[in-house]
Amino acid sequence: MPCLRPELAPRKLGECYKIKPDFIKAWKKWRAQITKLDCSAFWVQCGHRQTREGLKNLLQIMLGNDNTLSSATCHWIELHIYHLLFFKPFTMGIERSEKERRRREKESRRNG
Numbered sequence: 637m638p639c640l641r642p643e644l645a646p647r648k649l650g651e652c653y654k655i656k657p658d659f660i661k662a663w664k665k666w667r668a669q670i671t672k673l674d675c676s677a678f679w680v681q682c683g684h685r686q687t688r689e690g691l692k693n694l695l696q697i698m699l700g701n702d703n704t705l706s707s708a709t710c711h712w713i714e715l716h717i718y719h720l721l722f723f724k725p726f727t728m729g730i731e732r733s734e735k736e737r738r739r740r741e742k743e744s745r746r747n748g
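What follows is the structure in structure tokens.
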């Protein structure tokens, strides 16, 4: 999953984007790939029902499907942790990038 942050620490896997438009484009592409996998014929070949359903639910959770997420969690704390780990960093990255963009714009106005 793409991340909106200035840089990625060495030896970390993933793609980082410094500006919001590039990130949104990569994020939409990532979601399209996950959706394509969810709709693929691969699932017909998977003969184990629980594995097939579990993997399809995992893809739906990755896509942010709240109904699947709610049915997959047994306790409110699991749902809260999911939001802290998935949604909060996602929105925090956007907020940080917007603040950084505004700071650069201020500096360029002062200098130019």
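My numbering puts the first residue of the sequence shown at 637, with every later residue one more than the last.
Backbone N, C-alpha and C define an ideal beta-carbon position, used for all residues, glycine too.
Nothing here was measured: the structure is a model prediction, and the numbers come from that model.
Alpha carbon of residue i to alpha carbon of residue j, nearest angstrom
i, j, result
"TRP666", "SER744", "33 Å"
"GLN696", "LEU715", "15 Å"
"TRP679", "ILE670", "13 Å"
"GLY782", "PHE659", "It is not possible to answer for residue 782, since the shown part of the chain is limited to 637 through 748."
"ILE713", "PRO646", "32 Å"
"ALA708", "ASP702", "10 Å"
"ARG739", "ARG746", "11 Å"
Residue i versus the options, residue with shortest Cα-Cα distance
i, options, result
"LYS656", "LEU649, LEU640 and LEU644", "LEU640"
Cβ shell of residue i (< 6 Å), same chain only, five flanking positions each side left out
i, result
"TRP663", "PRO638"
Helix, strand or coil at residue i according to DSSP, with G and I counted as helix
i, result
"LEU649", "coil"
"LEU640", "strand"
"ILE655", "coil"
Same chain, Cβ closer than 8 Å to residue i, five either side skipped, listed in chain order
i, result
"ASP674", "LYS692, LEU695, GLN696 and LEU699"
Cutoff 7 Å; reference residue i; Cβ partners in own chain excluding five residues on either side
i, result
"LEU644", "GLY650 and CYS652"
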